[in-house]
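Here the protein sequences come in this chain order: A and B. Numbering-wise (this note's numbering), the first sequence opens with residue -12 and increments by one. Numbering-wise (this note's numbering), the second sequence opens with residue -13 and increments by one. First comes the structure, then the notes that go with it.
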Amino acid sequence: SQKIEQNSEALNIQEGKTATLTCNYTNYSPAYLQWYRQDPGRGPVFLLLIRENEKEKRKERLKVTFDTTLKQSLFHITASQPADSATYLCALDLAGGGNKLTFGTGTQLKVEL
Amino acid sequence: DGGITQSPKYLFRKEGQNVTLSCEQNLNHDAMYWYRQDPGQGLRLIYYSQIVNDFQKGDIAEGYSVSREKKESFPLTVTSAQKNPTAFYLCASVLSSRGTNEKLFFGSGTQLSVL
Chain A
-12 SQKIEQNSEA LNIQEGKTAT LTCNYTNYSP AYLQWYRQDP GRGPVFLLLI
38 RENEKEKRKE RLKVTFDTTL KQSLFHITAS QPADSATYLC ALDLAGGGNK
88 LTFGTGTQLK VEL
Chain B
-13 DGGITQSPKY LFRKEGQNVT LSCEQNLNHD AMYWYRQDPG QGLRLIYYSQ
37 IVNDFQKGDI AEGYSVSREK KESFPLTVTS AQKNPTAFYL CASVLSSRGT
87 NEKLFFGSGT QLSVL
């Protein structure tokens, strides 16, 4: 069955370091992958989208890579700050069109002073 | 400001009762979605609608119903047939369901609990 995996354990890092989150998927070749941020009790907020023909995408302190051979996306936050603490979700259109996204379970990031 | 409004923020359901969650958007988006979020399970798609007066079942539609009579509104009814309704419900919209790289806009969610 189609599956999206994100690290279920929380990631704790020190302020100023680079946080790296992983999203792995199986049994499908999505045309694109999205990353969202979710704060407690709130809806997810879109961060970045990367297409299958793009290896890397950047937005300010954020960087996303997409390796379709490994079926993996890495999400990096450089110079992390306590305000970056949240849960980060990856999402793919596993159904092949129509923007019917399937989400991973998310990884909670905690940035400590 | 444009956005998606979900109400109420918190809702309590008695056994055997149907409850309706509201979702309104003023973004002029074509497609709308309902997701359910449980701890450790991520978001699961309940129903989605690509156009007014049309909607499709998602992965976990049993025990739920929806309507799409207006472009801006997509209410979700949790029926008494849904035996485990306690969850965080999220409504989302996208400009066009026919695009392949559209980002979802989410509401702030409704926490439903069973009394």
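Note that the Cβ used here is the ideal one computed from N, Cα and C, for glycine as well.
>> Here's the rule I'm using: 16 or more other beta-carbon atoms within 10 Å means buried, otherwise exposed. How should Ala78/A be labelled?
In response: So Ala78/A ends up on the buried side.
> the region 33 to 44 of chain A: which residues have C-beta closer than 7 Å to a C-beta of chain B, in chain order?
Replying inline: The region 33 to 44 of chain A vs chain B, Cβ under 7 Å: Phe33, Leu36 and Arg38.
> Using a C-beta cutoff of 8 Å, does Tyr141/B count as contacting chain A?
Replying inline: In the structure as shown, chain B begins at -13 and stops at 101. Residue 141/B is therefore absent and cannot be evaluated.
>> Using only the alpha-carbon positions, how far apart do Cys77/B and Pro31/A sit?
In response: Taking the straight line from one Cα to the other gives about 10 Å.
> Hey, Thr72/B and Tyr50/B are a contact pair by Cβ (cut 8 Å); roughly how many whole angstroms apart?
Replying inline: Wrong, their Cβ atoms sit about 14 Å apart, outside the cutoff.
>> Here's a check: name, in chain order, each residue in its chain whose Cβ is nearer than 7 Å to the Cβ of Ile37/B, leaving out the five neighbours to either side.
In response: The residues are Asp16.
> For Gln21/A, which residues in chain B fall below 7 Å Cβ to Cβ?
Replying inline: Lys89, listed in chain order.
> For a contact meaning CB atoms closer than 7 Å, what does Lys87/A contact in chain B?
Replying inline: Within chain B, the residues near Lys87/A are Leu31 and Tyr34.
>> Below 9 Å on C-beta distance, what does Phe92/B contact in chain A?
In response: Within chain A, Tyr23, Gln25, Arg29, Gly30, Pro31, Val32 and Phe33 have C-beta atoms less than 9 Å from the C-beta of Phe92/B, given in sequence order.
> If you draw a straight line from the alpha carbon of Glu99/A to that of Ala67/B, how long is it in whole angstroms?
Replying inline: Those two C-alpha atoms are separated by around 44 Å.
> If Leu49/A sits next to Leu36/A, beta carbons under 8 Å apart, how far is it from one beta carbon to the other, in whole angstroms?
Replying inline: With 8 Å as the limit, Leu49/A and Leu36/A do not qualify as a contact, their Cβ atoms being about 12 Å apart.
> Mind checking if Thr94/A is an interface residue toward chain B, Cβ cutoff 8 Å exclusive?
Replying inline: Thr94/A does not count as touching chain B.
>> Taking only three categories from DSSP, how would you classify Asp40/B?
In response: Looking at Asp40/B - three-state DSSP - the assignment turns out to be strand.
> How about Thr55/A and Glu43/A: are their beta carbons less than 8 Å apart?
Replying inline: Their beta carbons are not under 8 Å apart, which means Thr55/A does not touch Glu43/A by this criterion.
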